[in-house]
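Protein chains in written order, with this note's numbering: chain A, -11 to 393; chain B, 13 to 116.
Glycine included, C-beta positions come from ideal geometry on N, C-alpha and C.
Nothing here was measured: the structure is a model prediction, and the numbers come from that model.
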Amino acid sequence: MTKRILTGNESAAWGARLARAQVVAAYPITPQSPVVETLSSWVESGEMPAEFIAVESEHSAMSVCIGASTAGARAFTATSSNGLAYMTEQIWWAAGARLPIVMCVANRSLAAPWNVLNDQQDSMSVRDAGWVQLHCRDNQEILDTVVQAYWVAERTNLPVMVCYDGFLLSHTAMPVDVPDAAAVDAFLPPRPAPLQVIAPDDPRNIGPVVIADPRRDADGVLRGGYMELRAAHHEALLAAADVVQEAAEAWGRAIGRRTGGLLVEHRLEDAEIVLVAAGSLVTQLTLVADTLRSDGVAAGVLGIRCYRPFPAEAVRERLSDARAALVFDKALSYGYAGPIATDLKAALHGAAGSPAVYGAVCGLGGRDVTPEALADEVRRALIDARAGVVDRATAWVGRLQEGVR
Amino acid sequence: MDAFDLIAMSRPARGEAGRTGDWRNERPVMDAGACVAARQGRTTCQICWAHCPDACIAQGAPPEIDLEFCKGCGICAEVCPSHAIEMVPEAQHGVCETAGGEKR
């Protein structure tokens, strides 16, 4: 174990290196670029025995990863914002072809208008594509999560997105324990044989047209149609929740540091109001909760680390005694509400004694999120909760109020 | 679980959707006297087989072209190193003999 001062992007690169990624393909985009710049220099110097494939767009970056992963290699890429949007078609392909690709997303707002700073709109916009989506709080978690992501991906045959806040983490340095390569090798053995083994004596067409109805293949075996494949994918994703937890436990045994799992919990016992978020905001909210506690407000924090599959059951269990949950989203499903707030409401719907769920949007396009503004929002929510308000419009934290109704 | 039930995969087979019958514009006609494999009397070359996008060429000396699935793209004629395959306008043939020998 070596302690290094690493940015979030360097931590992500270390994760890919320790996981012995064999193929790296990426196109530079702010704030992700330093991830692959670091990997590229390691490949060039021979420190990392991998193929680095420079491509002309994010769509091609994911295409290369799909090809490499189909051939059995451990593939890695990283992206942000509009690059992720540009890659979207291939994002669906990677998931539907059940390829264990790991991709880092340094979360950034989506244009228009152009803005390079952080929110989580990019990864939230592809939450339904069938990837496992893990959100990191700090740089240590980024490194550990990238390695664990391969462990999860290769057991579930699902691609995994490792998300962390652009600039807030991607460009911020902090001390990170870099585990020894041998310890990581013991945790993460070489990739098992892929589902779609490519063998010249058994040629296969991968990803052919699949019609809606089940039908017999050329050998007379009844095969499912499109619905059956999608159902299998959905079930794999639901089952991945257990695998994410197992990965954290196995990592703890192998490396001696417990990182990962589905949720982050902070002072949930006897919490009247629970603050919910994903990413670096979770760390900030723990400080806000501590301050509120010292002011006599019983606040706790529930961090969503695994956003897809959504840990509905675990969330229900953790929130059963709270009066209210206040979700801070750094993204919006425009025309409705924040994505995490919506999912949380759905998870709690119909559960006996479930708390009121309020949504708040903050930090869009890198807008400062101050502890004071968060605490004020919590106090407002608590007043509503105590008054029995069950539903209310999404609040905007830190939005210009002057002249705005 | 069978990998074929988890991801969409198929093994090469004659596809119903690829049945072209006689709607080609041009038909590949093989001159066995020029075909490398036929001249050597054994399965060599096979470049046309490797390049056919519809897998309707069977390996052999000479390779056999299944006209029921050939859509007349002309790639086999283009890649043949000895120019043994000529693309002939379908109209010159008038009828297409299907696999079962039935005339259309």
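Counting C-beta atoms within 10 angstroms of its own C-beta, M13/B has fewer than 16 neighbours from the protein chains shown and is therefore classed as exposed.
C-alpha of R62/A to C-alpha of G53/B: approximately 45 angstroms in a straight line.
Judged by their CB atoms, N145/A and R86/A are nearer to each other than the 8 angstroms cut-off. Interface annotation for the region 57 to 86 of chain B against chain A: empty, criterion Cβ-Cβ distance under 8 angstroms.
A check of alpha carbon separations from E76/B across W61/B, R31/B and P93/B identifies W61/B as the nearest. Legend: CB atoms of the region 55 to 85 of chain A lying less than 8 angstroms from CB atoms of chain B belong to residues G84 and A85.
Boundaries of the beta strand (DSSP E) harbouring N95/A: V90 to N95, taken from the DSSP string. For C53/A and A103/B, the gap between their C-alpha atoms comes out near 47 angstroms.
Residue pairing from DSSP places K(-9)/A in a beta bridge opposite D165/A. Assignment of beta-bridge partners to F64/A by DSSP yields V12/A and V90/A. No Cβ-Cβ contact shorter than 8 angstroms links G351/A with V315/A. Of all residues in the region 182 to 195 of chain A, the ones placed with a Cβ closer than 7 angstroms to any Cβ belonging to chain B are L183, Q184, P191, R192, N193, I194 and G195, in chain order. With fewer than 16 neighbouring CB atoms inside 10 Å of its own CB, H337/A falls in the exposed class. For Y295/A, there is no enclosing alpha helix (DSSP H); the enclosing beta strand (DSSP E) has its first and last residue at C294 to R296. The criterion of a C-beta distance shorter than 8 angstroms is satisfied by V24/A and A66/A. Per DSSP, C151/A is one residue of the beta strand (DSSP E) stretching across V148 to D153.
DSSP, read as helix, strand or coil, puts S22/B in strand.
The criterion of a C-beta distance shorter than 8 angstroms is not satisfied by A67/B and C57/B. In this structure, P24/B is the residue among F16/B, A46/B, P24/B and D17/B with its C-alpha nearest to the C-alpha of D189/A.
Ranking A15/B, P101/B and I59/B by CA distance to the CA of G84/B puts P101/B first.
Within the region 194 to 227 of chain A, those residues whose Cβ lies closer than 9 angstroms to any Cβ of chain B are, in chain order, I194, G195, P196, V197, V198, D205, A206, D207, V209, R211, G212, Y214, E216, L217, A220, H221 and A224.
DSSP, reduced to helix, strand and coil, places D66/B outside both helices and strands of the structure shown, so it counts as coil.
By a beta-carbon distance limit of 8 angstroms, N103/A contacts S97/A. Their separation comes to about 5 angstroms.
For the C-beta of A25/B, the chain A residues within less than 8 angstroms are, from N- to C-terminus, D205 and A206. For I328/A, the enclosing alpha helix (DSSP H) covers residues P327 to L336. Taking R204/A as the centre and dropping the five residues before and after it, the same chain places the C-beta of L210 and R211 closer than 8 angstroms to its C-beta, in chain order. When rounded, the separation of the alpha-carbon atoms in I41/A and G284/A is 55 angstroms. Pairing V114/A with T76/A gives a Cβ-Cβ distance under 8 angstroms. DSSP, read as helix, strand or coil, puts H123/A in strand. Excluding sequence positions up to five before and after C92/B, its CB lies within less than 7 angstroms of the CB of I59 and C60, all in the same chain and listed in chain order. Taking 8 angstroms as the cut-off, the Cβ atoms of A200/A and Y214/A count as close. Counting every other CB atom within 10 Å of its CB across the protein chains shown gives M91/A a total of 16 or more, marking it as buried. Listed as beta-bridge partners of M112/A by DSSP are no residues whatsoever. For H222/A, the enclosing alpha helix (DSSP H) begins and ends at Y214 to I243.
For S22/B, at least one C-beta of chain A is nearer than 8 angstroms to its own C-beta. Beta-bridge partners of V252/A (DSSP): G291/A.
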